[in-house]
Amino acid sequence: MDNHYEPKVVAFCCHYCAYSAADLAGSMRLEYAPNVRIVRIMCTGKVDTLHLLKAFEDGADTVYVAGCEEGSCHFQEGNLHAKMKVIQAKMLLKEVGLEPERLEMYNISASNSVLFARAADEMTELARKLGPNPLKKARGEVK
Ligand code: FES
Numbered sequence: 002m003d004n005h006y007e008p009k010v011v012a013f014c015c016h017y018c019a020y021s022a023a024d025l026a027g028s029m030r031l032e033y034a035p036n037v038r039i040v041r042i043m044c045t046g047k048v049d050t051l052h053l054l055k056a057f058e059d060g061a062d063t064v065y066v067a068g069c070e071e072g073s074c075h076f077q078e079g080n081l082h083a084k085m086k087v088i089q090a091k092m093l094l095k096e097v098g099l100e101p102e103r104l105e106m107y108n109i110s111a112s113n114s115v116l117f118a119r120a121a122d123e124m125t126e127l128a129r130k131l132g133p134n135p136l137k138k139a140r141g142e143v144k
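Heads up: the sequence shown runs through residues 2 to 144, numbered per the working numbering.
Below you can see the structure in the form of structure tokens.
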């Protein structure tokens, strides 16, 4: 594997929970992988399958959606819709030759900074294990 490979991880985080947990992790000076790029959204229900696929097309090695805990979405069922979008996108990833596990869904409450940090570490570690996004390899951006 390319020794210079440094994973790019994209996290779509709900403003009300996962994003607040990320903020808290920062205030608590919790250490987690610096590879994560956070996209703040008002609710994970706003995430579309296309956004997830586009993140991979733009070079993400792993992607995750982090929403409120089930039953706690501020917009009723946004996180349940997001869960379905993640499942759909996983199937599409498989069809185009990417490992579906490159995409995950987490439910993280605003106070759970530890879980936020763990999710960031897990998805970064997974990206290291799987290697670069095959789309980047096909474009010759990584070896
Ligand atoms: Fe957080 Fe809907 S408001 S997932």
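C-beta atoms are modelled at their ideal positions from N, C-alpha and C, and glycine is treated no differently.
Any residue whose CB is nearer than 6 Å to a heavy atom belonging to the ligand FES, listed in chain order: C15, Y17, C18, C44, T45, G46, G68, C69, C74, H75, F76, G79 and N80
How about I39 and A56: are their beta carbons less than 7 Å apart?
One-based indexing of the sequence shown puts residue 39 at position 38. One-based indexing of the sequence shown puts residue 56 at position 55. No, the pair does not count as a contact, with Cβ atoms beyond the cut-off.
For A34, three-class secondary structure by DSSP
Position 33 of the sequence shown, counted from the first residue, corresponds to residue 34. A34 falls in the coil class under three-state DSSP.
Task: For A67 and A111, believed in contact at Cβ under 8 Å, the rounded distance - done: Counting from one through the sequence shown, the residue named residue 111 turns up at place 110. Counting from one through the sequence shown, the residue named residue 67 turns up at place 66. 11 Å between Cβ atoms; not a contact.
Taking the alpha helix (DSSP H) that A26 falls in, what are its first and last residues? Residue 26 sits at position 25 when you count from the first residue of the sequence shown. Run containing A26: A19 to S28, per the alpha helix (DSSP H) assignment.
F57 by DSSP, collapsed to three states: which one?
The sequence position of residue 57 within the sequence shown is 56, counting from 1. The answer is helix: DSSP assigns F57 an H, G or I state.
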